[in-house]
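If you want the working numbering, it's the position in the sequence shown, counting the first as 1, plus 1. Input: a single structure, listed below in structure tokens.
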Amino acid sequence: MSDLGPEQQGLVDALVAECAAVFAYGIVAAFSNPTRADMVAACTAAHRARRDSTIDALRAASVTAPLPDPAYASPFPVTDAISAVQLAVQAEIDTSVAWRSAVERSRSGGTREMGVQALTEAAIRLATWQQILGVTPSSTAFPGQP
Numbered sequence: 002m003s004d005l006g007p008e009q010q011g012l013v014d015a016l017v018a019e020c021a022a023v024f025a026y027g028i029v030a031a032f033s034n035p036t037r038a039d040m041v042a043a044c045t046a047a048h049r050a051r052r053d054s055t056i057d058a059l060r061a062a063s064v065t066a067p068l069p070d071p072a073y074a075s076p077f078p079v080t081d082a083i084s085a086v087q088l089a090v091q092a093e094i095d096t097s098v099a100w101r102s103a104v105e106r107s108r109s110g111g112t113r114e115m116g117v118q119a120l121t122e123a124a125i126r127l128a129t130w131q132q133i134l135g136v137t138p139s140s141t142a143f144p145g146q147p
């Protein structure tokens, strides 16, 4: 896929992050506090929907979307409800970074709009998870910025 333009590569990178987030939320669901099951399910559904819409956008640009990896490595061991929330935070950070990059590389209004919407949604989820962890401030002025 090295012959992709910056906009298409941005979408591919965002898709990879979305696939990883879907996988991560499976782990989050397994270890999460049961009272957060609806929240975890909503986050999972949001990432699946974003993954699918990104695949559609790539198809529309005549780009073959890469297949998801069969498995992903967690950046740290997840063994309890707290580490599950920390993994959700990391998934939202990773998708925020990918979508911010996609916005920066976008050349069309449609891709830019999609990226801004995805970045905003990830930033809101990130802030929510950070609040659960007691992180203050729970949000940043420029989400997705390393």
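Ideal placement from N, C-alpha and C gives every residue a C-beta, glycine not left out. From a predicted model like this one, the values you see are computed outputs, not experimental measurements.
query	result
Range covered by the alpha helix (DSSP H) that runs through residue 118	110–134
For residue 138, the three-state DSSP class (helix, strand or coil)	coil
Three-pair Cβ contact test at 8 angstroms for the segment 67–75 versus the segment 104–118	no
Reduced DSSP category for residue 65 - H, G, I as helix; E, B as strand; rest coil	coil
Other residues of its chain near residue 26: CB distance less than 8 angstroms, five sequence neighbours each side excluded	41, 44, 45, 48, 89 and 92
C-beta atoms of residue 99 and residue 38 nearer than 8 angstroms	no
Beta-carbon spacing of residue 102, residue 32 below 8 angstroms	no
Chain B within 8 angstroms of residue 60, Cβ atoms only	No chain B appears in the structure shown, which is made up of a single protein chain.
Option nearest residue 69 by Cα separation, candidates 54, 141 and 21	21
Integer-rounded CB distance, given that residue 86 should sit under 8 angstroms from residue 134	6 angstroms
Cβ-Cβ distance between residue 29 and residue 52 below 8 angstroms	no
The alpha helix (DSSP H) enclosing residue 7, as first and last residue numbers	7–32
Expected contact under 8 angstroms - CB spacing of residue 138 and residue 127 to nearest Å	In fact, because the Cβ distance is near 12 angstroms, the residues do not count as touching under 8 angstroms.
Residue range of the alpha helix (DSSP H) that includes residue 89	82–106
Secondary structure of residue 75, DSSP reduced to three states	coil
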